[in-house]
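Chemist: Residue numbers (the working numbering): 83 to 566. We treat Cβ as the ideally placed atom computed from N, Cα and C, and that holds for glycine. Note that the structure is predicted; figures quoted are calculated from it, not measured. My questions all concern the structure below.
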Ligand code: ADP
């Protein structure tokens, strides 16, 4: 169970990749937002400065022109012309190429020329006048960033406060330029964001590709193939070098240990088998020849003989495995009569076990399969032995042979305990037993039988599969290629 936090939430174990990714993500989001805000501010500042300069330049010329004309008025004349009509006359008197935009804001109120009134509403003109009145440098821009943007500039009339100001309004035609610049800005922001993401992806790839590569390599390491487990240090990232060189040392130590272990298993099984065969042979000859043996001695010797035989079988299994590990196990891949091999296995099994063992071999034609006759008999012995071991003594067992155009399939069927689905893969591994399957009293198990069967069947170029239902029984099927 995963450890719980005080609030009952399970603790999360984040990978380095995940931590890096989230940290980078937060960083990028903040960085992007920050850069957008900053660039917007800078953008506004610089474009408004640039536009102001352009617009002011365009406004200054007509205004200077007007100013020059106003200079011709005396101060008195200017002060005296304070009624709307006077202003109107004054405006009309001024010759200005762009007079539509001209108005006067003074003691007589706002006076605009007809042309200006045609383009702008009274409210707009008033708001322009208000804007420029409140602006310290007598310059203002209204509707910034929109196509209706205008620049407003005012000059004081020579008459002073009472007379008021001459106001000039001019659309900012350069807004088209503003729009283009704005698009360039948006595109550059997008490019920045995309390049940041590409950068992040590239970082992730560069950092984690070697790690993923190593993980794949590690997961492929097999105990019986440690020769190829060492990892070349060439072109590896410098941070990983100490770990990898430690790993390579560990592999060579493991290799040495595995060789020693295989050697040990092979020596032990070989050395034990000979005396055991001798012991079993002597017991057998005593049992056969001594007619006057007391029944309790006969029983004791029979048990001793059975145990010696069991030990002998186990040792030959171990010997097979260690030979296979050292690639010294010879498994034939030659044509042999499959039905004959099945019959031989049946004969041995019926002699050894009390369970009824049925077959349908009489209805099957003899064909040749590719493999090893003796090894197949050994496999079937193992499978039938298991069927007996994990069934009640009276439950029937069946051996079924199917032949088709390309392969032969031999199936051992029992009505025993069956095996849970999630255990089916592990039972073919060495020293593994299925959880939930129990042994009857007096039975023993090493967990080696099926791993040997699988190794032998693979060596014959065939395959083994199992189908099992707990409480109902199991079917183990060996498939071999048919000799054509
Ligand atoms: P062993 O039988 O010596 O333990 P095996 O490698 O032959 O070793 O089998 C591995 C495990 O698979 C057994 O321990 C048992 O749990 C399970 N098993 C094998 N054959 C059967 C069967 N016919 N019915 C039920 N369980 C089986």
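Quick one: Cα of residue 343 to Cα of residue 349, how far?
Modeler: Locating residue 343 in the chain shown gives position 261, where the first residue counts as 1. Locating residue 349 in the chain shown gives position 267, where the first residue counts as 1. Between residue 343 and residue 349, the C-alpha separation is close to 10 angstroms.
Chemist: What's the C-alpha gap between residue 501 and residue 314?
Modeler: To locate residue 501, count along the chain shown from 1; it is residue 419. To locate residue 314, count along the chain shown from 1; it is residue 232. Using only the alpha carbons, I get a separation of about 43 angstroms.
Chemist: Drop a sphere of 10 angstroms on the beta-carbon of residue 525, count the other beta-carbons inside from all chains shown, and report buried for 16 or more, exposed for fewer.
Modeler: Here residue 525 is taken as the residue at index 443 of the chain shown, counted from 1. It counts as exposed.
Chemist: Who sits around ligand 1, taking every residue whose Cβ is closer than 7 angstroms to one of its heavy atoms?
Modeler: If you measure from each CB to the nearest heavy atom of ligand 1, the residues under 7 angstroms come out as 464, 468, 469, 471, 472, 496, 498, 499, 500, 501, 509, 514, 515, 516, 519, 527, 528, 529, 530, 531, 532, 533, 550, 556, 558.
Chemist: Rounded to the nearest angstrom, how far is the Cβ of residue 381 from that of residue 534, given a contact under 8 angstroms?
Modeler: Start at 1 with the first residue of the chain shown, and residue 381 comes out as number 299. Start at 1 with the first residue of the chain shown, and residue 534 comes out as number 452. 31 angstroms between Cβ atoms; not a contact.
Chemist: Of all the options 454, 515, 548, which has the alpha carbon lying nearest to the alpha carbon of residue 496?
Modeler: Locating residue 496 in the chain shown gives position 414, counting from the first residue. Answer by Cα proximity: 548.
Chemist: Which residue comes first and which comes last in the alpha helix (DSSP H) that contains residue 439?
Modeler: Sequence index remark: in the chain shown, residue 439 carries index 357 (1-based). Here residue 439 belongs to no alpha helix (DSSP H); instead the beta strand (DSSP E) covers 439-441.
Chemist: Counting only the same chain and skipping the five closest in sequence on each side, list residues whose C-beta sits under 7 angstroms from that of residue 341.
Modeler: Taking the chain shown and counting its residues from 1, one reaches residue 341 at position 259. Cβ within range, chain order: n/a, list empty.
Chemist: Spell out whether any CB of chain C is found under 9 angstroms from the CB atom of residue 169.
Modeler: The chain labelled as chain C is not found in the depicted structure, where only one protein chain is given.
Chemist: To the nearest angstrom, how far is the alpha carbon of residue 550 from that of residue 347?
Modeler: Position 468 of the chain shown holds residue 550. Position 265 of the chain shown holds residue 347. If I take the Cα positions, the gap works out to 33 angstroms.
Chemist: Determine the direct distance from the alpha carbon of residue 289 to that of residue 216, and round the result to whole angstroms.
Modeler: In the chain shown, residue 216 corresponds to position 134, counting from 1. In the chain shown, residue 289 corresponds to position 207, counting from 1. Cα-Cα distance, rounded: 60 angstroms.
Chemist: Label residue 509 either buried or exposed according to how many other C-beta atoms from any shown protein chain fall within 10 Å of its C-beta, with 16 as the threshold for buried.
Modeler: Taking the first residue of the chain shown as position 1, residue 509 is located at position 427. Its Cβ being crowded by 16 or more others within 10 Å, residue 509 is buried.
Chemist: Roughly how many angstroms separate the alpha carbons of residue 410 and residue 556, rounded to a whole number?
Modeler: The residue you call residue 410 lines up with position 328 of the chain shown. The residue you call residue 556 lines up with position 474 of the chain shown. So the alpha carbons of these two residues sit roughly 32 angstroms apart.
Chemist: Taking the alpha helix (DSSP H) that residue 332 belongs to, which residues open and close that run?
Modeler: Numbered from its first residue, the chain shown carries residue 332 at position 250. Its alpha helix (DSSP H) spans residues 323-371.
Chemist: Look at the alpha carbon of residue 554 and the alpha carbon of residue 334, and state the distance between them as a whole number of angstroms.
Modeler: Within the chain shown, numbered from 1, the residue matching residue 554 stands at position 472. Within the chain shown, numbered from 1, the residue matching residue 334 stands at position 252. Taking the straight line joining both Cα atoms gives about 47 angstroms.
Chemist: Using only alpha-carbon positions, find the residue among 538, 108, 267, 332 that is nearest to residue 305.
Modeler: Numbered from its first residue, the chain shown carries residue 305 at position 223. The shortest Cα separation from residue 305 among 538, 108, 267, 332 belongs to 332.
Chemist: Using 8 angstroms as the threshold, is the region 439-457 in touch with the region 505-522, meaning 3 or more CB pairs across them?
Modeler: no
Chemist: Going by DSSP, which residues form a beta bridge with residue 221?
Modeler: As a working note, residue 221 is residue 139 in the chain shown. Residue 221 pairs with 235.
Chemist: For residue 128, is the classification buried or exposed, using 16 other Cβ atoms within 10 angstroms of its Cβ as the cut-off for buried?
Modeler: Taking the chain shown and counting its residues from 1, the one referred to as residue 128 is at position 46. By the neighbour-count rule (16 or more Cβ atoms within 10 Å), residue 128 is not buried but exposed.
Chemist: By alpha-carbon positions, which one of 328, 454, 398, 449 ends up nearest to residue 355?
Modeler: For the purposes of this step, residue 355 is taken as residue 273 along the chain shown, with counting starting at 1. Of the residues 328, 454, 398, 449, the one whose Cα lies closest to the Cα of residue 355 is 398.
Chemist: Considering just the uninterrupted stretch of the alpha helix (DSSP H) at residue 400, what are its terminal residues?
Modeler: Here residue 400 refers to the residue found at position 318 when the chain shown is read from its first residue. First-last of the alpha helix (DSSP H) with residue 400: 377-407.
Chemist: What are the partner residues of residue 453, as DSSP defines its beta bridges?
Modeler: Counting from one through the chain shown, the residue named residue 453 turns up at place 371. DSSP, once it has assigned bridges, lists 416 as partnering residue 453.
Chemist: Using three-state DSSP, classify residue 247 as helix, strand or coil.
Modeler: Counting from one through the chain shown, the residue named residue 247 turns up at place 165. In this structure, residue 247 counts as strand in the three-state DSSP scheme.
Chemist: Between the beta-carbon of residue 481 and the beta-carbon of residue 428, is there less than 9 angstroms?
Modeler: The count along the chain shown starts at 1 and reaches residue 481 at position 399. The count along the chain shown starts at 1 and reaches residue 428 at position 346. Yes, the pair counts as a contact, with Cβ atoms nearer than the cut-off.
Chemist: Quick check on residue 545: does DSSP put it in helix, strand or coil?
Modeler: Translated into positions along the chain shown, residue 545 becomes position 463. Correct three-state label for residue 545: strand.
Chemist: Using a 10 Å radius around the Cβ and a threshold of 16 neighbouring Cβ atoms, would you call residue 461 buried or exposed?
Modeler: Within the chain shown, residue 461 is the residue found at index 379, counting from 1. It counts as buried.
Chemist: Could you give the uninterrupted runs of the alpha helix (DSSP H) lying entirely in the region 442-524, keeping only those of 4 residues or more?
Modeler: 455-471
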